[in-house]
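Numbers in the working numbering are just positions in the sequence shown, counted from 1, shifted up by 2. Where is the CB? At the ideal position from N, CA and C, for every residue including glycine.
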Amino acid sequence: MSNRKTIIAGNWKMHKNRQEAKELANQIVAQTKEIKDLPEVVLCPPFTALVDVLSAIEGSPIKAGAQNMDHRDSGAYTGEISPLMLKDLGIKHVIIGHSERRQFFGETNASVNLKVKSALSHGLTPIVCVGESLDERDNSLTDSVVRRQIGSALQDLKWEEVEKIVVAYEPVWAIGTGKNCEAQEANRVAGLIRTTVNDLYKADSKKVGDVIPVLYGGSVKPSNVEEQLALADIDGSLVGGASLKADDFVPLIKAGAKRVSLALSKA
Ligand code: PGA
């Protein structure tokens, strides 16, 4: 267990209208008020509900993040949202390179790198998603795919910048499928992510991989979260399905709080 930040992030994807989003955020605020050692909680609703969620969480420690952004500041890019627009709302986090964006919207390792650079240059914390497909896992390509995704995402970045990112390991085959990656295996890949980042900054003698939070995502639910968060290299969860109901999400936050308490007791 380390003193790295524990983060429980909810990726609401293309769910919730404004009213539903407000209600869910209100419930999460109300049901987490009394929790001791609250982890960092980030709610990522669709763009259209961000303002409602921001007003629901105002005055609470709960944060809001975006699910995506363009890497450019402004211009003729119909349909896109810029980092400046997110900053304008007061958003601090943005998910970058989610596998659904890679799969359905043509995002590549190169575009992920542009977005990560842009987010950091604007003071936003990117939650950078990496993970292998089922085909890649079946062909024993997990490690090489994850290493390549990390290397590309961080290309041309200095260690001082990389220290500010969050990585989420999300095996594509475990997202929204109910197929959870074994906790030990998720922890192994989280460790691989750390050594990959450490290797990138070896010349600077900086173990950046040891300080960045690495989350696990893919069918995280109340019944499996504790086992994941008990392992050394998993610092939190990026949650899809189970983030859409307070009854499912609040227990995940409580599991995160347990991890924080344990780390504090050992500090
Ligand atoms: P899931 O999604 O929890 O529904 O598997 C995770 C994600 O896509 O971030």
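Given 6 Å as the limit, tell me if residue i has its C-beta closer than that to any heavy atom belonging to the ligand PGA.
i    : result
G243 : yes
I177 : yes
S221 : yes
N70  : no
L136 : no
L254 : no
N189 : no
N13  : yes
L240 : yes
For residue i, report the span of its alpha helix (DSSP H) as first-last.
i    : result
T34  : R20 to T34
L116 : N111 to S123
G238 : No alpha helix (DSSP H) contains G238, which is instead part of the beta strand (DSSP E) from G238 to V241.
I255 : A248 to K268
V147 : T144 to A155
On the premise that residue j lies in contact with residue i, defined as a C-beta separation below 8 Å, what is that separation, rounded to the nearest angstrom?
i    : j    : result
T127 : I167 : 7 Å
P41  : I255 : 7 Å
G193 : L231 : That belief does not hold up - the Cβ atoms of G193 and L231 are roughly 15 Å apart, past 8 Å.
G220 : I177 : 5 Å
At what residues does the beta strand (DSSP E) containing residue i begin and finish?
i    : result
K128 : The sequence given here places Pro at residue 128; Lys does not occur at that position. T127 to V132 is the extent of the beta strand (DSSP E) around P128.
A205 : Here A205 belongs to no beta strand (DSSP E), and DSSP marks it neither H nor E.
V164 : Note, V164: premise wrong, no beta strand (DSSP E); alpha helix (DSSP H) at W161 to V164.
L217 : V216 to G219
K65  : K65 to A68
I93  : Careful: I93 lies outside any beta strand (DSSP E) and carries neither H nor E.
L45  : E42 to C46
N226 : No beta strand (DSSP E) contains N226, which is instead part of the alpha helix (DSSP H) from P224 to L231.
Count the other C-beta atoms from every protein chain shown that fall within 10 angstroms of the C-beta of residue i, then say buried if there are 16 or more, exposed otherwise.
i    : result
E102 : buried
K268 : exposed
G92  : exposed
T34  : buried
K260 : buried
P47  : buried
P63  : exposed
M16  : exposed
N198 : Residue 198 is actually Thr in this sequence, not Asn. It is buried - the Cβ of T198 has at least 16 other Cβ atoms within 10 Å.
| Is there contact here, the stretch 168-184 with the stretch 232-247, by at least three beta-carbon pairs under 8 Å? | Yes: the two stretches touch, three or more of their Cβ pairs being nearer than 8 Å.
| message | Under 8 Å: do the stretch 145-156 and the stretch 178-185 share three or more Cβ pairs, one atom per stretch? | response | Touching, no.
| request: Spell out a yes or no on whether the stretch 194-212 and the stretch 243-258 are touching, meaning 3 or more CB-CB pairs, one atom from each, closer than 8 Å. | output: No, the stretch 194-212 does not touch the stretch 243-258.
| field | Cβ pair count under 8 Å reaching 3, the stretch 42-49 against the stretch 8-18 | value | As far as the Cβ criterion goes, the stretch 42-49 touches the stretch 8-18, which means the pair count is three or higher.
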